[in-house]
Structures are given as C-alpha cells and as structure tokens.
Amino acid sequence: MNDIGNVDYEGLIPNNVDLAHDTRVKHALERWHPGYLDWWNDMGPEGFQEKLVYLRTAVSVDPKGWAKFDYVRMPEYKWGILLAPQVPDRKIGFGAHKGEPAWQEVPGEYRAMLRRLIVIQGDTEPASVEQQRFLGKTAPSLYDMRNLFQVNVEEGRHLWAMVYLLQKYFGADGREEAEELLQRRSGDPDTPRMLGAFNEKTPDWLSFFMFTYFTDRDGKMQLEALARSGFDPLSRTCRFMLTEEAHHMFVGETGVGRIVERTCQAMAEAGVADPHDVARVRKLGVIDLPTLQKKANLHFSLTLDLFGSEISTNAANAFHAGLKGRFREERIDDDHVLERGTYPVLRLKDHKIVNEDVPALSGLNMRLRDDYVTDCNIGVSRWNAVIDRYGVKFKIKLPHVAFHRHIGEFAAVHADADGNILADAEWEKRRDEFLPSAGDRAFIESLMQPQYEPAKFAGWIAPPKVGIDNKPGDFEYVKIA
Ligand SMILES: [Fe+2]
Ligand SMILES: [Fe+2]
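Just so we're aligned: the sequence shown equals residues 4 to 484 in the working numbering.
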C-alpha cells in the first residue's frame, strides 16, 4: 500500500475520520450505502456504468499529492469521507462568537440552522449528476467524457461528505435527511431538488460547460463561505471539497474556451469576418458567438438566483451565529461582526434600479454574489482574449444582474442584458435576442454527435492544450469497446 497518510483506504468507505472506531456512524453509513448505489445506478451516467474510466480518486488530504489516477468502473469508485486536517486551536473568525474556540460538536441553539445549511449544500451535489446523466451519449471526445464522469463521481463524493455530517452530528433527523437526499430528483414535479438552477435541464455540452463554469462556481462560493464556519467539521469538509471543485471550474472554463477557439479558427479559415453572420458561421459546423453569449446569459442569470435575496435575514442570522462566513473572511479588513456598517445593494425602487446602502449584515448574500461576479469575469476575459487573438470583433459580456431573474429584487421586472427595464410586451418580443431560442437550441443539438475515437474531437470544439494527468493526445480516457 502506498503512503496515504492517515486515510483508511481499505474498508468499504475510505475515510480519515476514524470510522473503524465510530461504529454507530459506520453502521449508519453502511446502511445508507446500498441506497446510494441504487441512486447512482438509476440516476448516474447512463450507458457507461460498466466502462473503465480513467479517474482520479482522493486518497489523501495532503495538498501535494491527494489523488491517484487509474481506470475504474464508476459504480466501484471509492467515495470516501475526507476532511482537511484540523487546524490546532482554531477560533471562530466572525459573528457573535468571534474569538471563541471553533465548535467540535453542534451548538444546540443553532442546530436547526446548521442542519438546513448542510442539507441545502448536500442537495445540489446529486442534482447535477442527475442533470448531466445523458451527456455521455453525445460526448465530443473521450477526454471530455472522462472529465464529465470525473465531475459526476466527485459530486457523488460531495454528497457523501454532507451525509457524513448529517449521520455523525444530527442523529435521527440527520438519518432522515440523508434518506431524503436520495429521494428528491432534479426536475421532478413532485419531489424536485431544493434550488431552481438544479432543476433545469443540461441537454447539451455547451450547457454542461456553462453549468460547470457558472453554477459550480456558485458551489465554490458557498463552500468558501462554509469553510469559514465555526462548526469545525463543516469547515474541514468544505475545505477539502474545494480542492476537487477547482477541476470542475477548469472543465467549464476550458470547455467554453475551446469552443470559442474552434469557432474563431473556423471563421478565419473560411474568411468569415462578421461574427453576427450567424447563418454563415453555423454552416461551418461551429457554434456562433452570439449564441454562446445567449447561453452565458442564461446560465449566469439562473446561477445568480442561487445566492438568494439581496437582503436576507437568513444570511444575517447564519453569519451572526458564526455558521457561514464571507468569501475570504480572514482577508477582509473590518470587525468581522458587522453590527455596524453598511453594504451597497442594487434595489428596485419605483421601477428604477438604484444603489442603496443597507446594514452590512442584511446585505451578505449580495456581497457573496458580488464576489462571485468578480470571479466569473476572470474566465470571461480569458475567452475574450482568444477572440481577440483571432481578430474577431466580438466581446462576451456578463449580463446585468437584473437580467432574467426569478429571485430577489428583480424577479418582478423584465430587464435587458444591459439592465434597462422592459415592458412585458417588449420583453416577450425581444426575449430571443437575449436567451437561446428554440432554433438556437435545435442548432446546438444538431451538433451533438458523439466522437468516441481516441485523439479525435467533434468539429465544434478544439482539443485541449494538455491531457489529464499529462497523458498523450491519443490516450484512451474511457474504454468504450
Ligand atoms: Fe460539489
Ligand atoms: Fe462541482
């Protein structure tokens, strides 16, 4: 056995939480395991469960070498429970309990709030697996297929991570919640997943890349905030999940980037200069940039809804209680208590969008969302650098935060991508300028033909610059035969 530090990798459930000596939790998890496998077999990647996939598995929490790569059948993936190492003498960094020792047990007064935070995070993890379950059938390459499955098994592990916390710290209620996490289904009219964006469809690979870019990044922001939690086991769990999450956003950023690259390349080869000449660009068998922009508008706006209302008592309470902090809390230069001070929030007043200072505690969702938008723009500027490199006159731009919203201040109005408020009739008339139309969706779908040969890529996406785990270009990431 190789050196994997303090991780017990031999049993049914690899872990670094000493499950072997925690028989109550070990049994609870062993009882949950068959239900999980049933869920994975029903709702996981359809048509590829028996294939060997070149996957990384977390085998350590050492930042220098936490994963190993090997061929695995997905149902045999080792979904482990791994917490980042305990920080000695860790103190709560914010809120009413700032400076007190971090909690190793659930503080009784906050039990319900904490359970809710864990269940909501937990619910998103299996949801995305469900949303993405048919994509293997149209994978543009074995490389991309492998990345999809990697994201899927890791979202499965994130569910395990949250279920461990529920089983270990929340007794009978925790067991019940763990069961329900396996019962809800993305998009089901009777038992949907808890959050809107996780009930949308992910019907094609452009959607998948946009989802991993925008929606997994919401996951990153939530995990960053929960990694500051005064409840130490939650903090440690989230810190390790963030290690895996980075790859999901890499898949999204480079996936969209490779589509942009291929489109610009095809335009250059064919001598098409006008990116808005959609018909000519589409004839080249690539995705035109205006459609790509519309897909970004859709996924960005759906994801903004995940941050909740701009002004939120729940967010204020969770911060005050020391359960959920801010993005990079420790780097912020203020008192970390926020009983005084304000935060500027965009609001709808008399049908106009105005900036208003609200108490800092009430504006925490807005603040996390602002940090998210900043983070999103980093990848967008990389996409634009590719477009620039080809001399194409087009700039991808994130839409205004009031655009296409279903939660918060702007749910009541329609706005265009620049944030101008539109009358309902005008919105109906112009909707297809901003969001993918039925025709756009049909075009994208027409491109979704599988390419399962090693070293080959569908015509609408450029190959990656480097392989996974430094593998050569013709590496067989998934053994299809
Ligand atoms: Fe996740
Ligand atoms: Fe993720």
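From the three backbone atoms N, C-alpha and C, an ideal C-beta is built for every residue, glycine too.
All values derive from a computational prediction rather than experimental measurement.
- Just so you know, the alpha carbons of Gln170 and Val109 end up roughly 12 Å apart.
- With a 10 Å radius around the Cβ and a threshold of 16 neighbouring Cβ atoms, Pro439 comes out buried.
- For Lys71, the secondary structure class from DSSP, reduced to helix, strand or coil, is strand.
- The bridge partners DSSP lists for His417 are Leu425.
- When DSSP states are grouped into helix, strand and coil, Ile447 belongs to the helix group.
- The shortest CA-to-CA distance from Leu55 to any of Asp65, Lys29, Ser238, Tyr74 is the one to Tyr74.
- DSSP places Asp147 in the uninterrupted alpha helix (DSSP H) bounded by 145 to 172.
- Using a C-beta cut-off of 8 Å, the region 376 to 386 makes no contact with the region 442 to 449, since fewer than three inter-stretch Cβ pairs fall below that distance.
- By the criterion of at least three beta-carbon pairs nearer than 8 Å, the region 400 to 414 is in contact with the region 308 to 320.
- Closer than 7 Å to some heavy atom of ligand 1: that does not describe the Cβ of Met46.
- DSSP, read as helix, strand or coil, puts Phe322 in helix.
- Look at the beta carbons and you see the region 94 to 104 touching the region 227 to 236: at least three pairs across the two are nearer than 8 Å.
- Between Leu198 and Thr127, the gap from beta carbon to beta carbon is short of 8 Å.
- Distance from the C-beta of Glu412 to the nearest heavy atom of ligand 1 is not below 7 Å.
- Annotation for Leu209: the continuous alpha helix (DSSP H) segment containing it runs 208 to 213.
- Distance check between Leu341 and each of Phe97, His24, Arg34 places Phe97 closest, using alpha-carbon atoms only.
- Annotation for Thr218: no beta strand (DSSP E) segment contains it, and DSSP assigns it neither H nor E.
- Taking a contact to require three or more Cβ pairs closer than 8 Å, the region 22 to 35 and the region 448 to 466 do not qualify as touching.
- In chain order, Trp82, Ile84 place their CB closer than 7 Å to the CB of Trp163, counting only its own chain and leaving out the 5 sequence neighbours on each side.
- Secondary structure at Lys459: coil, using DSSP grouped into helix, strand and coil.
- Shown here, Val340 sits in coil according to DSSP, grouped into three states, outside any helix or strand.
- Cβ atoms of Val404 and Leu351 stay farther apart than 8 Å, at about 11 Å.
- Close CB contacts of Ala230 within its chain, under the 6 Å cut and outside five residues either way in sequence, are with Ser238, Cys241, Arg242 (chain order).
- Annotation: Val348 is outside any alpha helix (DSSP H); the continuous beta strand (DSSP E) that includes it extends over 345 to 352.
- For Asp360, no alpha helix (DSSP H) run applies; the uninterrupted beta strand (DSSP E) run containing it begins and ends at 355 to 362, by DSSP.
- The region 363 to 398 is shown to contain whole alpha helix (DSSP H) runs of 4 or more residues at 367 to 392, in chain order.
- Between ligand 2 and the CB of Asp219, the shortest heavy atom gap is smaller than 7 Å.
- Using a 10 angstroms sphere on the CB of Arg408, the tally of other CB atoms reaches 16 or more, which defines it as buried.
- A straight-line Cα-Cα distance of about 13 Å links Phe152 and Ile483.
- In the assembly as shown, Gly68 is an exposed residue. Its beta-carbon has fewer than 16 other beta-carbons within 10 Å.
- Scanning its chain for C-beta atoms nearer than 8 Å, with the 5 sequence neighbours on each side dropped, one finds around Lys140 the residues Glu49, Gly50, Pro453, in chain order.
- Scanning its chain for C-beta atoms nearer than 6 Å, with the 5 sequence neighbours on each side dropped, one finds around Val28 the residues Gln170, Lys171, in chain order.
- At a cut-off of 3 residues, not a single continuous stretch assigned as beta strand (DSSP E) sits fully inside the region 174 to 199.
- For Leu245, the enclosing alpha helix (DSSP H) begins and ends at 235 to 273.
- Less than 8 Å divides the Cβ of Gly288 from the Cβ of Gly462.
- Here Ile123 carries a helix assignment [DSSP, helix/strand/coil].
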